[in-house]
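Report on the structure given below.
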Amino acid sequence: MPQKPSIPKGTRDFSPTEVAKRNYIIQTIKKQFEVYGFQPIETPSFENYDTLMGKYGDEGDRLIFKILNSGDFISKVDDVTYSSKNSSSLTPKISDKALRYDLTVPFARYVVMHQNELDFPFKRYQVQPVWRADRPQKGRFREFYQCDADVVGAKSLLQEVEFVQLYDAVFEDLGLKGTTIKINNRKVLSGIAEVIGAKNLLVDFTVALDKLDKIGEEGVKQEMLAKGISETAIEKAAPLFQMTGSNHDQLEQLKSLLVQSEIGMAGVAELEEIVTHIEELGLQSAKLALDVTLARGLNYYTGAIYEVAAPEGVKMGSIGGGGRYDDLTGIFGLKDMSGVGISFGLDRIYLVLEELGLFPESLGRSLDVLCINFGKEESLAALQLVGKLRSAGLKAEVYPSSSKMQKQMKYANSRNVPYVILIGKQELDAGTFVVKNMENGEQQSYALNNPGEFIQQL
RNA sequence: GUGGUUGUAGCUCAGCUGGUUAGAGCGCUGGAUUGUGGUUCCAGAGGUCGCCGGUUCGAACCCGGUCUUCCACCCCA
583 MPQKPSIPKG TRDFSPTEVA KRNYIIQTIK KQFEVYGFQP IETPSFENYD
633 TLMGKYGDEG DRLIFKILNS GDFISKVDDV TYSSKNSSSL TPKISDKALR
683 YDLTVPFARY VVMHQNELDF PFKRYQVQPV WRADRPQKGR FREFYQCDAD
733 VVGAKSLLQE VEFVQLYDAV FEDLGLKGTT IKINNRKVLS GIAEVIGAKN
783 LLVDFTVALD KLDKIGEEGV KQEMLAKGIS ETAIEKAAPL FQMTGSNHDQ
833 LEQLKSLLVQ SEIGMAGVAE LEEIVTHIEE LGLQSAKLAL DVTLARGLNY
883 YTGAIYEVAA PEGVKMGSIG GGGRYDDLTG IFGLKDMSGV GISFGLDRIY
933 LVLEELGLFP ESLGRSLDVL CINFGKEESL AALQLVGKLR SAGLKAEVYP
983 SSSKMQKQMK YANSRNVPYV ILIGKQELDA GTFVVKNMEN GEQQSYALNN
1033 PGEFIQQL
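Residue numbers (this note's numbering): 583 to 1040.
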């Protein structure tokens, strides 16, 4: 009985066309990363269990794919743990490796391990798959690519400014107009929590606030109440729900709200500097928008937070995100190493470009020229010609067998080949080859000993 | 992790209150057309109805389980 082929939930096969499109996005991103001075590194697909666990919160721990130990791992578990049937205490005893969950934590580990070889500030980029044991949905996979660029060892806000420009540059290159780069600052959120007297409920407060555009003002208030935030605190936070106007208008409103909070004012000052710089430098097609409700779950962010929204009308979660983390390497024993970085979600950008029809047409072209095969003698001449075309950098091939012309033409058609070359008996005798333009059907004849004439026409 | 949803030919989908040999369009293969594709005409191939079990004289259809898809939570790229 043959096994029915299948792949795990949330994973995908990629066809030649899909790979071409994905590579197009990756190359565009990598090119800008390098133009901005980042260097590539790669890290293993799986890390030590302890490297990853505890870095992403309880929710994150649940979504990490653990790798079962090799050998007779179960016999090494003590009876008490084994019979307790408690997954969280049993897992670390039967698994000491786990699949990479993102690229930031492995990068932090990398920086600490290689600190003596690195020149700081160190700017690295990394394009690799990550894995999450999530339940798949549209734009959510269990295996997907992240494209990260981070700087460690530089506290200057100029880095934050550059990352906004980098986002803009990539989306401009991809022809993706109208993206919104949302920006906020963790210090502002801390300040607000402080001012309203909910300092110890910062996380619950920000998570609830983050949902404003989704569940509305009433929904947010209810969730805050449910999380134990007092009504007077929520009352004080009320101005946040009505923040309107330009980035600067909103900053002014924040200032009056946060005047009592040192950390809050520091966050506002940072935001102001970034926003002002970007205004002076200008952006090509993206829009920078201050969004006080932007929270982002990852708890290692300490300063700026970014999130990129697809153009209006495209229903898709964020296509990129990032921020400043002052002490990411601290957990691995390297103190005072500030980092800031951004990430592009390749798979989601793909879906957005597909939905908007923004992939260049040439990506579907796997072949520039197909040579029709008329028989033994003719195909030899065809191979010689194809060799010259290949030297000129054209993707060219001879149809492998002298099937019916109709079949060969159909093949050319379905492979989207723009030019078909015919070398039959007549041409061979005359020392010529005929080029058929598949788009308009026009045919032109060239000398076999001078294919350069044809190549120049392209 | 919670709740829901989907699965029929390579693709997109029909298939009535359970009732003979499960259909269409597109695609594919062959022919009309022995040196010309994307239009047309003719013919043909192709299906364990996701999988396992149950109810029934009888199941694509009803029930249970399982896998998958998509959606809402949770969270997130």
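Glycine included, C-beta positions come from ideal geometry on N, C-alpha and C.
Let's test the definition: count the other Cβ atoms within 10 Å of the Cβ of residue i and tell me whether it reaches 16, buried, or not, exposed.
i       : result
ARG997  : exposed
PRO1033 : buried
THR826  : exposed
ASP792  : buried
GLU744  : buried
VAL617  : exposed
GLU817  : exposed
GLU889  : buried
ASP654  : exposed
ILE845  : buried
ASP701  : exposed
ARG878  : buried
LYS564  : What the structure shows of the chain is the stretch from 583 to 1040, and residue 564 is not part of that stretch, so it cannot be assessed.
ASP730  : buried
GLY1023 : exposed
LEU863  : exposed
Between residue i and residue j, which are expected to be in contact by the criterion C-beta below 8 Å, what is the C-beta distance as a whole number of angstroms?
i       : j       : result
ASN881  : GLY639  : 6 Å
LEU836  : VAL770  : 6 Å
MET898  : LEU933  : 6 Å
VAL959  : LEU1010 : At residue 959 the sequence reads Glu, which differs from the Val that was named. At roughly 7 Å, the Cβ-Cβ gap stays under 8 Å, so GLU959 and LEU1010 are in contact.
ILE1110 : ARG930  : Residue 1110 cannot be examined here, being either before or after the span of the chain that is shown, 583 to 1040.
THR625  : TYR727  : With 8 Å as the limit, THR625 and TYR727 do not qualify as a contact, their Cβ atoms being about 14 Å apart.
VAL922  : ASP632  : Incorrect: roughly 25 Å between the Cβ atoms, too far for contact.
LEU967  : ASP950  : Not confirmed; about 13 Å, so no contact.
LEU965  : VAL694  : With 8 Å as the limit, LEU965 and VAL694 do not qualify as a contact, their Cβ atoms being about 56 Å apart.
In chain order, what residues of the same chain lie with their CB nearer than 8 Å to the CB of residue i, ignoring the 5 residues before and after it?
i      : result
GLU813 : LEU807
LEU672 : VAL659, THR663, TYR664, SER666
PRO590 : ARG724
Got a sec? Which residues, its chain only, sit under 7 Å from residue i by beta carbon, not counting five neighbours each side?
i      : result
ALA780 : PHE787, ILE811, ALA815
LEU634 : ILE646, ALA680, TYR683, VAL687
PHE753 : THR761, SER867, ALA868
Residue i to residue j, Cα distance in whole Å?
i       : j       : result
GLN883  : GLU1035 : Reading off the sequence, residue 883 comes out as Tyr, not Gln. Near 60 Å, if we compare the C-alpha coordinates of GLU1035 and TYR883.
PRO598  : ARG947  : 10 Å
LYS764  : ALA891  : 7 Å
TRP713  : ARG594  : 13 Å
THR610  : VAL1002 : 31 Å
ALA715  : GLN708  : 22 Å
LEU872  : ASN782  : 25 Å
PHE1015 : LEU945  : 27 Å
PHE596  : ALA751  : 27 Å
ASP678  : MET919  : 28 Å
LEU840  : SER828  : 18 Å
LYS613  : SER657  : 51 Å
ASN698  : ASP909  : 18 Å
GLY957  : VAL1017 : 18 Å
TYR606  : GLY721  : 19 Å
GLU854  : ILE860  : 10 Å
VAL857  : PRO718  : 36 Å
GLU629  : ILE649  : 10 Å
GLY961  : ALA602  : Here the sequence assigns Ser to residue 961, which means Gly is not the residue at that position. Rounded to the nearest angstrom, the two C-alpha atoms are 30 Å apart.
GLN710  : PHE615  : 14 Å
TYR990  : GLN1025 : Note on identity: in this sequence residue 990 is Gln, with Tyr being the wrong assignment. Each residue's alpha carbon lies about 17 Å from the other.
GLU600  : HIS696  : 36 Å
Is the beta carbon of residue i less than 8 Å from the beta carbon of residue j?
i       : j       : result
GLU742  : ARG906  : yes
ALA690  : PHE926  : no
VAL999  : LEU952  : yes
ALA963  : LEU1004 : no
VAL777  : GLN832  : no
GLY904  : ILE924  : yes
ASN767  : ILE887  : yes
LEU758  : SER772  : no
ALA790  : GLU800  : no
ILE1037 : ALA974  : yes
ALA820  : ILE774  : no
GLU852  : LEU739  : yes
ILE545  : ASN651  : The shown model of the chain, from 583 to 1040, leaves out residue 545, and the question about it has no answer.
GLU1061 : VAL896  : The first residue shown for the chain is 583 and the last is 1040, placing residue 1061 beyond what the model contains.
Excluding the 5 residues flanking residue i on each side, which residues of the same chain have their C-beta closer than 6 Å to its C-beta?
i      : result
ALA619 : The identity of residue 619 in the sequence shown is Gly, whereas the question assumes Ala. Excluding sequence neighbours, GLY619 sits near LYS705.
LEU935 : PHE941
LEU822 : VAL874
ALA736 : PRO703
LEU794 : VAL802, THR875
GLY592 : PRO718, PHE723, ARG724
ALA848 : LYS769
Please find out if some non-hydrogen atom of the ligand GTP comes closer than 7 Å to the beta-carbon of residue i.
i       : result
ASP1011 : The model depicted lacks the ligand GTP and carries no ligand whatsoever.
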